[in-house]
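Visitor:
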Amino acid sequence: MNALAIETHSLTKVFSGIRGATRAVDGLSISVPEGSIYGLLGRNSAGKTTTIRMLMGLARPTSGSSRIFGLDPTSERERVAMLRLVGYVPEDKTLLGLTARKLFELNRCFYPETWSDDLARKAVERLELPIDTPFLKLSMGNKTKSALITAIAQRSRLLILDEPTTGLDPVSLDALLGLLVEDCTADGRTILVSSHQLAEIEQISDHIGILDRGKLLLEDRLDQILSSFRRVTATGTALPKIGPAILSARSEGNSSQYILQGDPNSFVAGLVSDGATVADSAPLSLNEIFLELCRSQKAEEPAFGEVQP
Amino acid sequence: MLIVHIAANSGVPIYLQIEQQIKQAIASGLLRPGEELPSTRRTAAELRINPNTVARAYTELEREGVIRTVPGGGTFVGNLSALAPRLLKAEKLRRLRPIACQLAIEAAQLRIPAAELHKLLDESLRTFESGSAGKTPAQHPDQEGDL
Amino acid sequence: MSGQLQSLLVSICLLVGPIVVFGVYKVRRNLRGIRQAERDALGYVPKPEPKPGILLRGFSAPERKYLLQLLRTTRYAFPLMSWLTLGIFSLPILDPRFFNHNTWNDPLAFLWFRTLLGAATFVGISCFIFGMITAAAVLATLRFGTAAQFFRTRPLGIGFLYWTSLIVVLGSELAGMLTGVGVAMLLLAAIHGPIWLHLPTAFPGVVTPNDGRLELYASLLATSPPRIFLSICTTTVLSLGVSAVLLAAPYSWPGRQGSRPNVLPALAMAFGMCSLIVLRAVLDLNDVHLPTWLFVYSRLGPPPPYAFALIPVAISACLLILARYLIGKSEV
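Protein chains in written order, with this note's numbering: chain A, 273 to 581; chain B, 15 to 161; chain C, 713 to 1044.
Encoded structure:
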């Protein structure tokens, strides 16, 4: 149904360092539909920032490709057309220019068709940013706010936010979420948020992609993810320990606690038909899902940084 | 007036929470039939959630006939006389079911027979009704007498 | 010796002093403006952008903004270069040996000698340095740091960014240098008359056998001032080309991606400085073939032919195009 705002095919980035090759991003294929708010989640060093820098053309992929609105960021012919449509808040929040006001006045001319001074004004009020304080004197949170407003006021078709919550206090964070939802999603505009603040991401995203050590663990609509994971506690005599739907299992005596992924209902039905009693069945929050996935991933794979055969 | 609270991290999908709360609001009389609901965008902005999620909840509710959208714009609580009693009764029961379940479990653990439990419940209801004798229970013109 | 050192210190103060004073004045004015803006705390109400003039209408709006921003940032390059060049070329006037007639009997000839020697030294050292600084300034906006991260994520072509910064910065620099030289020559002519027209064909002083000054004077007579001034331009351009390629070079071999060592630009510059010193030693030791071929006119004496001026320009043009290609492939 939807066109894709961002699409990557086996995007890979390998860094060669002292200890051999590090696969910062490993065969990543994500799809961000237009009009959605896509949360890119992952731990530190999961490869989120590297992926975003490759999307913006700041870094070059070792292999694989990416397309933003069908345009290739590595092609010199297409990148200018692509950059017209994208607003970007980098992870590194050091800013250009002397004050926030000067930065806005600089940036507005680069996006003459879409920049809105009214939106900039509104954002400045909502986020309570002092626009005349020199950047050297600004706190981390205010620097983040300046970077955010610079990108938000562009009203771009795609907004890419890399760690947009750095240094923001809860009130500002709440104001930011309100601003994003209110002004950055109209007219089918898309937002890609990369963060490890799961609570906020869960609130506003409708699509989620979970990254760990450069690989995509899971990508789906948020409702699908939430409904496909369940924590089930069962008692019985011959409870299975491994199965296609079991992400992890913990047994004590004759009761087991399962974290189920995929089709939890049929698994529970199977348990019941085998004679087990289901004592508890509860959904998992995104935070818990994320932790479980990372844990099971850690158990399966060699240590990060080793050279892959 | 529509007051919706979202527990974003509870694991329950947000659109489901919105649906349930709107139905509850209608059931308890906070939302009257024909009253206008805030637009998806406004609700989303106030709750700080994705407008698509609110839109989905509204679409589901409209499919069930609980609310309706007017072509000119605006979403209104549906006229409930036709299907309201069944639907809202289902909602009320859904709310009470977990409490009833918990009560049953506790009673089983404490080995209280069912008859004692029924007596306990009647007693509580009587106390509650006599305590609030001064005020009449809220008037719900289209839902009376079902529960 | 101390007299020379003293005059050198005085000249440096005279040269750098006004720049420092002006710089401090500008910085304080800016800070005062910022503090005033902080106090006023006006809301964000920007002025509407003025309509583009005839010259700029061919560019897109982002390109126009970048050009105006570039011109604003480099508006002091021209006066600065003019002042520096003027100062460097006027230093001979302060040389105490000028007033000491024991060296040469014709003080004007000596003055002209010092001027041209200063010009040749300028070509040999300062042009290389200015070329490196220009390359650093241009590539900084494209590859390193906050500016690069900002401008490479705006809708501006890399080719546009590269060539416009290059042309504007190099242009103001060359214009500044030539203006400084021109004004210095005018001043010299105004104060002492056109001394280069009446150089005595015989050595003005008393000659002893094996007098090195005879050779100096011969080379002075053979020197061609216009070609020195041309060499100023070509040497700067050559140095710019080499530095640009050094700074644009990828961090590791193709096929392997390096992570980002920030030490490389500094290393490249240090390498440049060292090679400069080495080159000068080498150039002094050998015959004058390489500098002649590259039109680096850094010693007094017979000049290279005018046609050779095209060689460093051609080399530099190729290097600049190579640097442009490398920048297009580089990461920020």
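Glycine included, every Cβ here is placed at the ideal spot set by N, Cα and C.
Using only alpha-carbon positions, find the residue among C:V739, C:L1022, C:C986, C:A887 that is nearest to L950 of chain C.
Guide: As a position in the third sequence, residue 950 of chain C is number 238, starting the count at 1. Ranking the options by Cα distance to L950 of chain C, first place goes to C:L1022.
Visitor: Report the residue ranges of all beta strand (DSSP E) runs contained in full by the segment 77 to 131 of chain B; include only those spanning at least 3 residues, in chain order.
Guide: Here the runs fully enclosed are 81 to 83, 89 to 91.
Visitor: Excluding the 5 residues preceding and the 5 following A331 of chain A in the sequence, name in chain order all residues of the same chain whose CB lies nearer than 8 Å to its CB.
Guide: Here the question's residue 331 of chain A lines up with position 59 in the first sequence. Once the five neighbours on either side are set aside, the close Cβ partners of A331 of chain A are K285, T322, R325.
Visitor: Measuring only the C-alpha atoms, how far is S1010 of chain C from M328 of chain A?
Guide: Reading the third sequence from its first residue, position 298 is the one you call residue 1010 of chain C. Reading the first sequence from its first residue, position 56 is the one you call residue 328 of chain A. Each residue's alpha carbon lies about 46 Å from the other.
Visitor: List the whole-angstrom C-beta distance separating I40 of chain B from V84 of chain B, where the pair is believed to meet the contact cut-off of C-beta under 8 Å.
Guide: On the second sequence, position 26 is the one that residue 40 of chain B refers to. On the second sequence, position 70 is the one that residue 84 of chain B refers to. The pair is not a contact, with the Cβ atoms about 18 Å apart (cut-off 8 Å).
Visitor: If we define contact as Cβ-Cβ less than 8 Å, is V304 of chain A a contact residue for chain C?
Guide: In the first sequence, residue 304 of chain A corresponds to position 32, counting from 1. It does not; no Cβ of chain C falls within 8 Å.
Visitor: Helix, strand or coil for V26 of chain B? Go by DSSP, reduced to three states.
Guide: Taking the first residue of the second sequence as 1, we reach residue 26 of chain B at position 12. Coil, per DSSP.
Visitor: Going by DSSP, what residue range makes up the beta strand (DSSP E) through K487 of chain A?
Guide: Your numbering for residue 487 of chain A matches position 215 in the first sequence. Per DSSP, K487 of chain A belongs to the beta strand (DSSP E) from 487 to 493.
Visitor: Does DSSP classify D364 of chain A as helix, strand or coil?
Guide: For the purposes of this step, residue 364 of chain A is taken as the residue at position 92 of the first sequence. Correct three-state label for D364 of chain A: coil.
Visitor: Taking the straight line between their C-alpha atoms, what separation do you get for G799 of chain C and S1042 of chain C?
Guide: Your numbering for residue 799 of chain C matches position 87 in the third sequence. Your numbering for residue 1042 of chain C matches position 330 in the third sequence. Going by the C-alpha atoms only, they are around 39 Å apart.
Visitor: Strictly below 7 Å CB to CB, what residues from chain A border V1044 of chain C?
Guide: Along the third sequence, read from residue 1 onward, the residue named residue 1044 of chain C stands at position 332. Those are L330, listed as they occur along chain A.
Visitor: Between K149 of chain B and chain A, is there a C-beta pair that is closer than 8 Å?
Guide: Here residue 149 of chain B is taken as the residue at index 135 of the second sequence, counted from 1. Since pLDDT at K149 of chain B reaches only 45, below the 50 mark, its modelled position is unreliable, and no value is offered.
Visitor: Below 7 Å, is the gap between the Cβ of E491 of chain A and the nearest heavy atom of the ligand ADP?
Guide: This structure lacks the ligand ADP, and indeed carries no ligand of any kind.
Visitor: Using the three-state DSSP reduction, which class does L16 of chain B fall into: helix, strand or coil?
Guide: Counting from 1 along the second sequence, the entry for residue 16 of chain B is found at position 2. Coil at L16 of chain B, not helix or strand.
Visitor: Could one say the Cβ of D441 of chain A lies closer than 8 Å to chain C's Cβ atoms, at least one of them?
Guide: Residue 441 of chain A sits at position 169 when you count from the first residue of the first sequence. Not one chain C Cβ lies under 8 Å of D441 of chain A.
Visitor: Please return the same chain residues whose Cβ sits closer than 6 Å to the Cβ of R339 of chain A, not counting the five positions on each side in sequence.
Guide: Counting from 1 along the first sequence, the entry for residue 339 of chain A is found at position 67. Answer for R339 of chain A: E279, listed in chain order.
Visitor: Go through its chain and collect everything with a Cβ distance to E76 of chain B's Cβ below 7 Å, but skip five positions before and after it.
Guide: Along the second sequence, one-based indexing puts residue 76 of chain B at 62. Cβ neighbours of E76 of chain B beyond the five flanking positions: R82, T83.
Visitor: Which class does K285 of chain A belong to by DSSP, given the choice of helix, strand or coil?
Guide: Position 13 of the first sequence, counted from the start, is the residue given in the question as residue 285 of chain A. Three-state result, K285 of chain A: strand.
Visitor: Can you give me the Cβ contacts of G967 of chain C inside the same chain, cut-off strictly under 6 Å, excluding the 5 residues immediately before and after it?
Guide: Here residue 967 of chain C refers to the residue found at position 255 of the third sequence. With a pLDDT of only 46 at G967 of chain C, under 50, the local geometry of the prediction cannot be trusted, and the value read off the model is given with reservation. Here the set comprises nothing.
Visitor: Select from C:L933, C:F856, C:V728, C:P762 the residue whose C-alpha is nearest the C-alpha of R826 of chain C.
Guide: Residue mapping note: residue 826 of chain C aligns to position 114 of the third sequence, counting from 1. Selected option, being the one with the closest Cα: C:L933.
Visitor: Taking the CB atoms as reference points, tell me whether E363 of chain A and D434 of chain A lie closer together than 8 Å.
Guide: Walking along the first sequence from the start, residue 363 of chain A turns up at place 91. Walking along the first sequence from the start, residue 434 of chain A turns up at place 162. Yes, the pair counts as a contact, with Cβ atoms nearer than the cut-off.
Visitor: Does V26 of chain B get closer than 8 Å to chain A when you measure Cβ to Cβ?
Guide: Looking up residue 26 of chain B in the second sequence gives position 12. Yes, contact with chain A.
Visitor: Is there a C-beta anywhere in chain A that falls below 8 Å from the one on A58 of chain B?
Guide: One-based indexing of the second sequence puts residue 58 of chain B at position 44. Answer yes: the Cβ-Cβ gap between A58 of chain B and chain A drops below 8 Å somewhere.
Visitor: Do A541 of chain A and T507 of chain A have their C-beta atoms closer together than 8 Å?
Guide: Taking the first sequence and counting its residues from 1, the one referred to as residue 541 of chain A is at position 269. Taking the first sequence and counting its residues from 1, the one referred to as residue 507 of chain A is at position 235. Result no, Cβ atoms of A541 of chain A and T507 of chain A do not sit closer than 8 Å.
Visitor: Do you know offhand how far N379 of chain A's Cα is from T422 of chain A's?
Guide: In the first sequence, counting from the first residue as 1, residue 379 of chain A sits at position 107. In the first sequence, counting from the first residue as 1, residue 422 of chain A sits at position 150. Approximately 7 Å, taken between the alpha carbons.
Visitor: Provide the residue(s) that pair with T462 of chain A in DSSP beta bridges, ordered along the chain.
Guide: The residue given as residue 462 of chain A occupies position 190 in the first sequence. Partner(s): A:L430.
Visitor: If you count every other CB in all the chains shown that lies within 10 Å of the CB of T141 of chain B, and 16 or more means buried, which is it?
Guide: Here residue 141 of chain B is taken as the residue at index 127 of the second sequence, counted from 1. Its Cβ having fewer than 16 others within 10 Å, T141 of chain B is exposed.
Visitor: Based on the DSSP secondary-structure assignment, which residues constitute the bridge partners of E33 of chain B?
Guide: Taking the second sequence and counting its residues from 1, the one referred to as residue 33 of chain B is at position 19. Per DSSP, none; premise fails for E33 of chain B.
Visitor: Say whether chain A places a C-beta atom closer than 8 Å to the C-beta of K777 of chain C.
Guide: Translated into positions along the third sequence, residue 777 of chain C becomes position 65. Yes, its Cβ sits closer than 8 Å to a Cβ of chain A.
Visitor: Which residues in the same chain as V919 of chain C place their Cβ atom closer than 7 Å to its Cβ, once the five residues preceding and following it in sequence are excluded?
Guide: Working through the third sequence from its first residue, we reach residue 919 of chain C at position 207. Within the same chain, V919 of chain C has close Cβ partners L926.
Visitor: At 8 Å on the CB atoms, spell out the chain A contacts of A961 of chain C, in chain order.
Guide: Here residue 961 of chain C refers to the residue found at position 249 when the third sequence is read from its first residue. Within chain A, no residue comes near A961 of chain C; the closest Cβ sits about 15 Å away, beyond 8 Å.
Visitor: Excluding the 5 residues preceding and the 5 following F407 of chain A in the sequence, name in chain order all residues of the same chain whose CB lies nearer than 6 Å to its CB.
Guide: Here the question's residue 407 of chain A lines up with position 135 in the first sequence. The answer, listed in chain order, is L367.
Visitor: Would you say G359 of chain A faces chain B, with C-beta separation under 8 Å as the test?
Guide: Stepping through the first sequence from its first residue, residue 359 of chain A is reached at position 87. Answer no: the Cβ-Cβ gap between G359 of chain A and chain B never drops below 8 Å.
Visitor: Over what stretch of residues does the beta strand (DSSP E) that includes L532 of chain A continue unbroken?
Guide: What you label residue 532 of chain A is simply residue 260 of the first sequence in a count that begins at 1. Unbroken beta strand (DSSP E) run through L532 of chain A: 527 to 533.
Visitor: Determine the closest residue to K763 of chain C out of C:Q861, C:A789, C:R776, C:Q781, with distance taken between C-alpha atoms.
Guide: Your numbering for residue 763 of chain C matches position 51 in the third sequence. Residue C:R776 is the option with its Cα nearest to K763 of chain C.
Visitor: Any Cβ of chain F within less than 8 Å of the Cβ of R125 of chain B?
Guide: This model lacks chain F altogether; the protein chains it does include are A, B and C.
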